[in-house]
Every structure is written in C-alpha cells, then in structure tokens.
Amino acid sequence: MLRAEALSKQYGPVTVLDDVTLDVHAGEIHAIIGENGAGKSTLMRLISGYVHPSSGHLFVDGEPMHFSTPHQAQDAGIVLVHQEILLAEGLTVAENLFLGRELTRNGVVDDRTMRRIAAEKLGELGCRVSPNALVRDVALADRQLIQIGRALLDAHKLVIFDEPTAVLTGDEVERLLEIILRLKAQGIGVLYISHRLDEVQRLADRLTVLRDGKMVGTYPGRSLSQMDMAELMVGRELTALYPPRGNEARGAPMLRVRNATVPGYAEDISFTVHKGEVLGFAGMIGAGRTELFEGIVGLRPAHASVELDGAPVHIRSQREAIDAGIGYLTEDRKAKGLLLQERLAPNLTLSALGRFHPGLAMNKRRETDALEGAIQSYDIRVKNLKVNAGQLSGGNQQKLLLAKVLLTNPSVVIIDEPTRGIDIANKAQIYTFIRQLVGEGKACIVISSEMQELIGICDRILVMRQGRINGEVSGEAMTESNIALLATAEADVGRAALGGLS
Amino acid sequence: MTRNKWIAAAALGALLVAGQASAADKKVVAVSIPAADHGWTAGVVYHAQAAAKEINAAFPDVEVIVKTSPSATAQVSALEDLSAGRKLDALVILPQTSEELTMPVKAVKDSGAFITVVDRGLNDPAIQDLYVAGDNIAVGKNTAKFLVDKLGGKGNLVVLRGIPTVIDDERIKGFQDGIAGTDLKILDIQYANWNSDDAFKLMQDYLAKYPHIDAVWANDDDMLLGVLEAVKESGRTDIKFALGGNGMKDIVKKVIDGDAMTPVETPYPPSMIKTAIYMTVANLVGHAPVRGNVKLDAPLITKDNAAEFYFPDSPF
Amino acid sequence: MSAVIQSAPPRRERSFAIGWADAGPFIALAALLVIGFLINPDFLSATNLSNVITRSAFIAIIAVGATFVISSGGLDLSVGSMAAFITGVTIMFMNGMVPHLGTWSVPAGMAIALFAGIACGLLNGLIVTVGKIEPFIATLGTMGIFRALITYLSDGGTIPIDRSLREVYRPVYFGTVTGIPIPILISLAVAAIGSFILYKTKYGRKCAAVGANADVARYSGISIIKTRTIAYLIQGACVAIAAICYVPRLGAATPTTGVLWELQVITAVVIGGTALRGGKGHIWGTVAGAVILELIANLMVLSDFVSEYLVAAVQGVIIIIAMLIQRFSK
Numbered sequence: 161m162l163r164a165e166a167l168s169k170q171y172g173p174v175t176v177l178d179d180v181t182l183d184v185h186a187g188e189i190h191a192i193i194g195e196n197g198a199g200k201s202t203l204m205r206l207i208s209g210y211v212h213p214s215s216g217h218l219f220v221d222g223e224p225m226h227f228s229t230p231h232q233a234q235d236a237g238i239v240l241v242h243q244e245i246l247l248a249e250g251l252t253v254a255e256n257l258f259l260g261r262e263l264t265r266n267g268v269v270d271d272r273t274m275r276r277i278a279a280e281k282l283g284e285l286g287c288r289v290s291p292n293a294l295v296r297d298v299a300l301a302d303r304q305l306i307q308i309g310r311a312l313l314d315a316h317k318l319v320i321f322d323e324p325t326a327v328l329t330g331d332e333v334e335r336l337l338e339i340i341l342r343l344k345a346q347g348i349g350v351l352y353i354s355h356r357l358d359e360v361q362r363l364a365d366r367l368t369v370l371r372d373g374k375m376v377g378t379y380p381g382r383s384l385s386q387m388d389m390a391e392l393m394v395g396r397e398l399t400a401l402y403p404p405r406g407n408e409a410r411g412a413p414m415l416r417v418r419n420a421t422v423p424g425y426a427e428d429i430s431f432t433v434h435k436g437e438v439l440g441f442a443g444m445i446g447a448g449r450t451e452l453f454e455g456i457v458g459l460r461p462a463h464a465s466v467e468l469d470g471a472p473v474h475i476r477s478q479r480e481a482i483d484a485g486i487g488y489l490t491e492d493r494k495a496k497g498l499l500l501q502e503r504l505a506p507n508l509t510l511s512a513l514g515r516f517h518p519g520l521a522m523n524k525r526r527e528t529d530a531l532e533g534a535i536q537s538y539d540i541r542v543k544n545l546k547v548n549a550g551q552l553s554g555g556n557q558q559k560l561l562l563a564k565v566l567l568t569n570p571s572v573v574i575i576d577e578p579t580r581g582i583d584i585a586n587k588a589q590i591y592t593f594i595r596q597l598v599g600e601g602k603a604c605i606v607i608s609s610e611m612q613e614l615i616g617i618c619d620r621i622l623v624m625r626q627g628r629i630n631g632e633v634s635g636e637a638m639t640e641s642n643i644a645l646l647a648t649a650e651a652d653v654g655r656a657a658l659g660g661l662s
Numbered sequence: 003m004t005r006n007k008w009i010a011a012a013a014l015g016a017l018l019v020a021g022q023a024s025a026a027d028k029k030v031v032a033v034s035i036p037a038a039d040h041g042w043t044a045g046v047v048y049h050a051q052a053a054a055k056e057i058n059a060a061f062p063d064v065e066v067i068v069k070t071s072p073s074a075t076a077q078v079s080a081l082e083d084l085s086a087g088r089k090l091d092a093l094v095i096l097p098q099t100s101e102e103l104t105m106p107v108k109a110v111k112d113s114g115a116f117i118t119v120v121d122r123g124l125n126d127p128a129i130q131d132l133y134v135a136g137d138n139i140a141v142g143k144n145t146a147k148f149l150v151d152k153l154g155g156k157g158n159l160v161v162l163r164g165i166p167t168v169i170d171d172e173r174i175k176g177f178q179d180g181i182a183g184t185d186l187k188i189l190d191i192q193y194a195n196w197n198s199d200d201a202f203k204l205m206q207d208y209l210a211k212y213p214h215i216d217a218v219w220a221n222d223d224d225m226l227l228g229v230l231e232a233v234k235e236s237g238r239t240d241i242k243f244a245l246g247g248n249g250m251k252d253i254v255k256k257v258i259d260g261d262a263m264t265p266v267e268t269p270y271p272p273s274m275i276k277t278a279i280y281m282t283v284a285n286l287v288g289h290a291p292v293r294g295n296v297k298l299d300a301p302l303i304t305k306d307n308a309a310e311f312y313f314p315d316s317p318f
Numbered sequence: 011m012s013a014v015i016q017s018a019p020p021r022r023e024r025s026f027a028i029g030w031a032d033a034g035p036f037i038a039l040a041a042l043l044v045i046g047f048l049i050n051p052d053f054l055s056a057t058n059l060s061n062v063i064t065r066s067a068f069i070a071i072i073a074v075g076a077t078f079v080i081s082s083g084g085l086d087l088s089v090g091s092m093a094a095f096i097t098g099v100t101i102m103f104m105n106g107m108v109p110h111l112g113t114w115s116v117p118a119g120m121a122i123a124l125f126a127g128i129a130c131g132l133l134n135g136l137i138v139t140v141g142k143i144e145p146f147i148a149t150l151g152t153m154g155i156f157r158a159l160i161t162y163l164s165d166g167g168t169i170p171i172d173r174s175l176r177e178v179y180r181p182v183y184f185g186t187v188t189g190i191p192i193p194i195l196i197s198l199a200v201a202a203i204g205s206f207i208l209y210k211t212k213y214g215r216k217c218a219a220v221g222a223n224a225d226v227a228r229y230s231g232i233s234i235i236k237t238r239t240i241a242y243l244i245q246g247a248c249v250a251i252a253a254i255c256y257v258p259r260l261g262a263a264t265p266t267t268g269v270l271w272e273l274q275v276i277t278a279v280v281i282g283g284t285a286l287r288g289g290k291g292h293i294w295g296t297v298a299g300a301v302i303l304e305l306i307a308n309l310m311v312l313s314d315f316v317s318e319y320l321v322a323a324v325q326g327v328i329i330i331i332a333m334l335i336q337r338f339s340k
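Protein chains in written order, with the numbering used here: chain Z, 161 to 662; chain L, 3 to 318; chain S, 11 to 340.
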C-alpha cells in the first residue's frame, strides 16, 4: 500500500537518512527500530510530509506521491501520532480533538456535534474522559489517547505511531496495543516506532532496523529475539543488558527512614537501605513513590525521621538533603532536571556551585575540567562542549543528570525512573553506573515503573500501593507476577499469595 | 488632611467666639480643586487653604471648606459629599476636566448655590455666575513682545512646549502672534512634557544642533529649570535670554535678584484661586456684585513689581 | 560499555568567544550611529555624544539592576517612583544635616540613599517571594506607594537641595575624570560589577537558573526565595546609585521625577537581549540598550524630518527595528 524507495535526507553536509526502502501492506504492522539518532523520526517525518526528501520516491497504492505539507499526506490517508504530546492544555478535550478543523453549522462553531463525535471516538479508544474536561486536568495516558483520537479523526489508510508508549504504564500500554491490533484487523497499515523491544516483538509482522541513518535490513517479525534486535541496532555484540550483581555481603545501614508521611500521597512509611545495596521501589502510577521521595529530600511538605549513616538528619529543603549527602534524580529530566537552554557545564555544576567557587568568582577552568571528566566517566556523547543540554539525546541527558547529582558526592542516590525514554544501549550503561555506585559503598534507591528493570538491577524491591508499603520481595521471589500482585492487591492477600516470602 | 482638620477646628472656634451667630446663619463656601500632583496644582492647594484660613478668621459667619481630589471621578464624588450634608451657599471649583464635571456642577447650581469656575471652563458657560481665569495667550504674547523689544526684532529662538492641551496651544499661539512680522525666527519647537528632566535633555540637544541661539522660551517654569541647567553646563555665551512662564517662586526670585538671563517672568499664578474665593465671599458677605468673566492679566513681572507675585512659603 | 569510541573529540570552550546574540544590541547601536551621522554630522560631535551617553546613565544603572530581576524571572515596575522617592529622602536628609555636618552631609546622604534603596528593594522582594504575589502586581502597588510618598514629602511641589551643597555636589553629574563624565564612569563601574556578579559568581548562576526554570533550580537545591529577593535588593541598590547621580543634575526632587523610567528600563533590558520571561541576562547589552534609547530621542531632535507631533511614533518604529536587527542577527 505504501512504498518508500531509496529515501535520503541531507541537512547541509550531514546525511541523516541514506537510501532507505520499505513498504507497508494493508493490515500489516511494520515496526521500525534503531538507536536514538538512527533516523527513525526523520523517516516518519518524510513519509508524513513534514520534511521533504533530498532524493527518493513515495508511492501510495502504486501512485507516485509528493507531499509538500502534512495536509497533503493526510489527504492521501497517512496520519502521524506524534511522540510529544502536542495539545493545548487550556482548551477542552473536544476542542483539542477538532483544533484547526472545527465543525460549523451556518457559520457558527457546532460544539454539540463535536462533543458527541469526540465522546464516540474516545469511547472507541477506551478513553473515558469527558469531552468537556480541560486537557490540563486529564492524566498523561488519556492525553496520549486524545492525541491518537485526533489523528484517527481523519480518514486514514496508514497510521504512524512514534514512540506511543513512552509515557504510558502497564495497563495503559496494554490498552494501546489492543487499539493498534484493532486497526490492523480493520485492514489499516501501521508503522510502529518504539524503544520497547518486547512490544515490537508482540506486535510486528515485519520490522526494519536502522543504524546511523542507514538501513540494516527488514526482517519478519517474531523471528528475532529481543537480544537479536538490540544487537542489530547497536551493530555489535551486546553483553547482558543487566550487569551482574556484586557478591559482597550487604553493608551497614546507610539510610534509615521511619514513619515518613507526605500528606495526600504517602503514609507511615519505614524502610532502610544499606551500603552497597540497590533498593527498588515498585508500584502503579499514583502509588505515591515519587511524592514519598520528594518529601524525604525536602521538595514537598512531609514528616519523617531520617538517619543517615547512623546519625539523625533533619531535612527541610533540597539544599539540606544535598549537603547531608542524599542525591535525588527527578523522573522529569526535561522540566525539573536540566536547563535545556543552558550549556552543559552550568547544568553539571548547578547543584554543587560551592565546589567551583574558590574565591569571589566561579572557576571556569575547574568547571570545564569537571565537564570533561563527566563526559569521560559517563560516556556522554556530545559534538562539542558548547551545545545546550536540550540538544543532547534522552540517554545523554540522563547521563548528564546522573553526573550532576553525583558531583555533589552523595552517599545515597535516589533515581526516579532511571531509563525513561532512552534507548537500549544507554539503558545498559546506566545500569552499569548504578552497580558501580553501590560497588563504591554508596547506597542506591531506584524507583521504576518497568518491573523488568527493577528485577534486573535491584537486590531487594519494596512495592507500594495507595501510599503505603504493601510488601517486599528479594532474591528468587523477584518476579513480575509477585510484584504485580503486591502492587494491586490488598496487603494480606498479597502476602498470603507469596507464602511468607517477604 | 491635618490642615483641613485644623481649618475645621478654627472654624468651630470662630463660631464659639462669635457666639451670637447660629449655625443656620453661617454661609458655607465649598472649594473643590485638584490634589497637588505637580508644582502648579500644589500652588493652587496652598493658596486655597491660605484663603480659607484668612476668611474663616476674618468673617465669623462664613465657613470656607477646601476639598482636593486626585481625579475627575473623585472630584464628582467630592461634590456629592460636599452638597449632601448641608446647603451650599457658594461653590468655587477648578474642574479636573470640563466634560465630566459640567453636570455635577449644574446639580449644585440647581440647589441654589452661587457658582464660581476657575481656570478651566465648563462645557456650558451658563452654569457659572463668576469665571476667573488667567490669560494663556497673553503669557505667550507678552514674553514674545519682551524678546522682540530686547533683541531688536532680530534673532534665533528655540521653544520648549509642554503636553498637547488647550493651555499649551494657546501659549504657543500667543507667542507666535507676538513675534509675527519681525525677524525673530523660531529655529525649533518640541514637546518636553512640562518636565524639568525632559527639558534638560531637549535643551542639550538644541545646543548641539544649533551653533547660535539668541533666546530660549520654555512655556512653563518647571521646564525653564532644566533649560537653565543645560545652558549653564554647556558654557555657551550666545544665549542672551532664557524665559519661562507661570510665576514659580524660584523664577520670580531670580527676577527680584536681577538675573541677567531671566530678567522677566509672566504669571499664570495659582493664586487665581485665592482671587476667586475672595470675590465669591465678597458677593455673599459684602453684597458686592461680582457676576461675569474675570480674566487676570499676565503682565510682565519685572524687578519693579515682582514682590507682588512672590510667595516664599508656597510650594510653587 | 565505556569503551565506545567518540565520533569526534569535544572542542574546548573558548572563553573569549562572543555569540551573535550578544552582539545584536551593539550592531543596532552602531547602525544608529551611522544613520545619525548621515542625518546630521553634529550628531557624532564629542559634546553631543558625551551629553547623550551621560544622560543615559540613570536608565543604564537602573537597568543593570533590572537585568538581575528580569533574569531571575521577576519584574519591577516601581523603579521610577522608587528613584523619585529616594531622591526626595536623600535631599531632605542632606538639607537637614547641613547644620551638623556641613558639606559632609553629601556623603552621609549618599549612604542614606543606598540604605533606602536596599530597603525599598527588600520590600519589593519580600512581597514577591514570601508574599507570593505576581511581580507585576506587587511592584505596581509599590510604584503607587513610592510615587505618593514623594508627592507627600514635597507637598506636590519641589524639594530643592540646600544652596550650600549645590556646588559641592554638582561635579557628581557635571564633573569629568580625564575628560570622561563621571556618570558614564559610574555606570561603567556598575555594569562591570553587575557582569562580574552575573557571569562569574555562584549567585549569577543561581539567578539565571531560577529565571530559566524555577523547578530545575529547586530540584538542584537552590532557594528561589533567596535568589529572587537578592535580585530585588540589587535592583534597589542600583536605583539608589542612579538617584545619587541624579540629584546634582537639577538639584531637586519633584513628583514628576522618574515618571515612566520603568518602561525605559524594561525596554533597555529587552533591547539588550535579555528575555522578558527570564533566563540568561545580558548586562552589557542592557547598557547598549539604554544608550540606544537616549540616542533615538537625541536623533529625533537633531533631525529635521520628523514633525514634533510624530516623534513618539518614529521612536517606536526605531525600537522595533532595533529588536528586529537583534532577532535576525542571531
């Protein structure tokens, strides 16, 4: 149905996409995988008319096509569901759905019909928000569905999904995958881009691998294991995704938290993390994990009695937490972690300015040295030292953020969603860094919604449900089903099911 | 505020001393003027309060009440408050704007009060019994005549004007009429917003632009202060006269001291409010007919008559 | 994993490299000077340029402070009335001290001015940070308060400085050192100190971080309240320095002193390349912006093209063109 032949795209002397040929049949799911910067997004933008190819041709149903605007691509039945959520937060759900193509009756905007159609469309997608709700008040997952609804409003033959599950969790992902399978059943072609290789393995009829703008090849789905896919993407053999756990015995308690309460989010939580230990925090979205730790490090009002390395500490602000030796990496690196418009060095040193301030003035030399050191130790890949943080890929941003927090030399590192939205090679590196940290005698707490990840790197996992700790798993008991049970079921039910393992 | 209270107390005291005069016999004269927000209005407030104090002391059966308002709407409310509690025998008003105050003043008139309007006319001249104003055209014309005379009808002038309003236009028109037919030439004329700082800058620019200037006229004394500072700083000797207008005490003092650059001044004195209050009281107490239009002349203030226009205690 | 080879070794940052964004206001300034010269050769005369740059000193000094406030994500509308208020307080204090201190009351008055400026800045800062009131509204409020106070102190008239101090104090505005007017030297000094604080110190980093993204700053352990309040303190001190230079020019404070300075100050900051929504501040750009504003007014008088009625319109057009030059020189 769609055929792209020898597509190439150059920006100046830089070739971002080189001679890519692929086709999509009606009723087929065709996945595109590749590392960040491999050219996946560029390919999508070429096909959907946002960017013009430098050379190559597009055919829809055998007819040669030339799109100079996304509108023309839409007219040909090709719609793109963007990776970023592009909705006007101050408008209602229905208004967003019809933004720029409002229905009118006698020249007046016909709100009633639009609300009706919006409710129908969202219902089909299994999204139960009111068409009158403001997008600002709607959960992230529902926003993603609204965005999909917006794309599917037009007549479509081919739907392109660009990382649709990046911001979704558990159930929400399942719901989305069902929607995609339903599109396939309706005879619609789907181009699917994702980092999550497990999803690709489940969905894809065929998959195309890109590396550095070039095509590695197109393979039938399900013929490749996830590890095979990862190796094709990276272009070399990968050792295991998760580094081996250290054999050292668990050290002395490093951070002991007792009776922590964050009003509205978490209640009466006590736990201890030891030197050399990676402690995981699992749970559904809204279980209060992020809020709990933001409370403990002084970013929200909370009560807790905290002991660090045996001595009680009193933390009222993030500054006091940092000075005491507790580092916290936010889950939202773009909005809360890094100054995207700033260069790398000011970002790196922002939490530890005192160390670069020997006299009256900042020591630029020392900052540059620190940056070069961080780039070396954390393998942050940059074109030059003068780029802004926003120009880095997600994985490199995450490594910069990690370097920034570690620059304050914390003894406990709390990492919230360590690998959200980053590619597989960077993920593996981050896991290695976490292991190195605890190898140096620090303690590490990892909050994650990816159960595989927690199982892969943690020594012990606490599971939260509705603001309370619902159970603990370690060793052999760290399985997805155990964690899922504790994350969803009542405490005693969960414990009974685990048979006293916790 | 405290001054108002003091006046009220004085009035009360006068009442007790007078003893015989009952409250019903007391003639009430309300004075409504803009609040002091720049030099000239500050002068108006000063003179109105001085007049009230003097009259309340001199005439036990007259009570003058002064009320200041920062805006036209506030002045409308003030009129309502003044006339709500008691019957006014007379109202002396310097309106913030003509449009908004015409109807409220008419309402006071309809209650039987004698109306004196000062400086800025109302839209309907039939409302007023007495109108007292300065002569803006004469401010410009008399200054022009002085310059024509002293420069022998020949020379280069620069002019600083204020804010685009009727007052400004009239002064400029009077000045242009005054130099018409002579060889005095206006090199440049620009707005300086009746503000000393703006005038200082504008005068510096004039000095940079024109190598020879015989005289400067700023149509207001606030601006003249800035002009004098700029001229002094430049060290230029070609400028023979720098004149202003309005009767600011610092400039009148210069005239008294025989300043060479500013030997004359034209008044548009804020004391006209005092003239108006006295005339109104004369009508009430002395049965002296005062109805009509009074245009205070803007004679040249020279060393000889300057003392008449000098109020060292006034803020203006 | 860490054995991955980097495609190109990162280049070291050169400390003297100046981006086009920083050069924008200076390009606009240079263009204005050339146009000015073509219109009227007197424009480039030493006297005229020295007058104009001296006149721009007040706005430049205040705008250096405003660069901090705006960079930290705030706004200060009260600077014009604050300048008038400080001027009034300073003159009254100096006059009152003459019998006791003689001419020493001038430096004493300067100290009082600085004290008053910092106090006013602290007031603004605390209302905005601790009171959590939008900077626009908070400083609109204090703008009215300071303006009313100077009107009250002067009874609506003028507060002139004592004659005996006039000549002593006069050189602070009219004097020169090696031919350069003192206000120019003061504003250069203020800008130099300002750029040192903004670019070289810990505080400067915090200021830009808070303005660029308050959440990131908070998560990095930076106190937003402290950082913003200090920015307002710096603004207050700059207003005080401007007031100190202003007093000897006309030797008086009036209720119309400093009217609309706040808008000129904000315009200078924005022409200088600092974004109104906060983030990185451009101190030297701000100074260039202040000079540009004053040059435009000067050019209007020196050219004969523009009717006196249209001056404001042409000024507006030139400011917009200056901003466009900046935008496209990026």
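Idealized CB from N, CA, C, for every residue including glycine.
Of all residues in the segment 35-52 of chain L, only A37, A38, D39, H40, G41, T43, A44, G45, V47 and Y48 come within less than 8 Å of chain S when Cβ atoms are compared, listed by chain position. The CB of Z/H217 never comes closer than 8 Å to any CB in chain S; the least such distance is about 31 Å. For the pair Z/I339 and Z/A186, the CB atoms are not nearer than the 9 Å cut-off. The beta-carbon of S/L260 is placed less than 9 Å from the nearest beta-carbon of chain L. With a cut-off of 8 Å on Cβ pairs, the segment 102-117 of chain L is not in contact with the segment 268-275 of chain L, counting fewer than three such pairs. An exposed status is given to S/T188, since fewer than 16 other beta-carbon atoms sit within 10 Å of its beta-carbon. For L/D185, the uninterrupted beta strand (DSSP E) segment begins and ends at D185 to Y193. When L/D222, L/E82 and L/F202 are compared, the shortest CA-CA separation from L/D170 is found for L/D222. Given a length threshold of 4 residues, each whole run of the alpha helix (DSSP H) inside the segment 228-282 of chain Z is given here in chain order: 230-235 and 253-257.
Z/A603 is positioned such that its CB atom lies closer than 9 Å to that of Z/G436. DSSP places Z/S201 within a helical segment (H, G or I) once states are collapsed to three. DSSP places Z/S168 in no alpha helix (DSSP H) but in the uninterrupted beta strand (DSSP E) bounded by L162 to Y171. DSSP places Z/F219 in the strand class (E or B) of the three-state scheme. By the neighbour-count criterion, in which a residue is buried when 16 or more other Cβ atoms sit within 10 angstroms of its Cβ, L/W42 is buried.
Chain S has no Cβ within less than 9 Å of the Cβ of Z/E600. Neighbourhood of Z/H517 in chain S, by CB distance below 7 Å: K212, in chain order. Identification of chain S residues near Z/E502 by a Cβ-Cβ cut-off of 7 Å yields A222, ordered along the chain.
For L/K297, the enclosing beta strand (DSSP E) has its first and last residue at G294 to K297. In the three-state DSSP reduction, L/H49 falls in the helix class (H, G or I). In this structure, the alpha-carbon of L/L298 lies about 22 Å from that of L/G164.
Within chain Z, no C-beta atom comes nearer than 9 Å to that of S/D32; the closest sits roughly 14 Å away.
Along the segment 138-172 of chain S, the positions whose C-beta sits under 8 Å from a C-beta of chain L are T161, S164, D165, G166, G167, T168 and P170, read in chain order. By the C-beta density criterion, L/D190 is buried, having at least 16 other C-beta atoms within 10 angstroms.
Nearest to S/I330 by alpha-carbon distance, out of S/T239, S/G282, S/W294 and S/V178, is S/G282.
For the segment 312-340 of chain S, residues whose beta-carbon sits nearer than 8 Å to a beta-carbon of chain L comprise L312, E318, Y319 and V321. S/A219 sits away from S/A70, with the two beta carbons spaced by 9 Å or more. Cα atoms of L/R173 and L/T145: separation of roughly 10 Å, rounded to the nearest angstrom.
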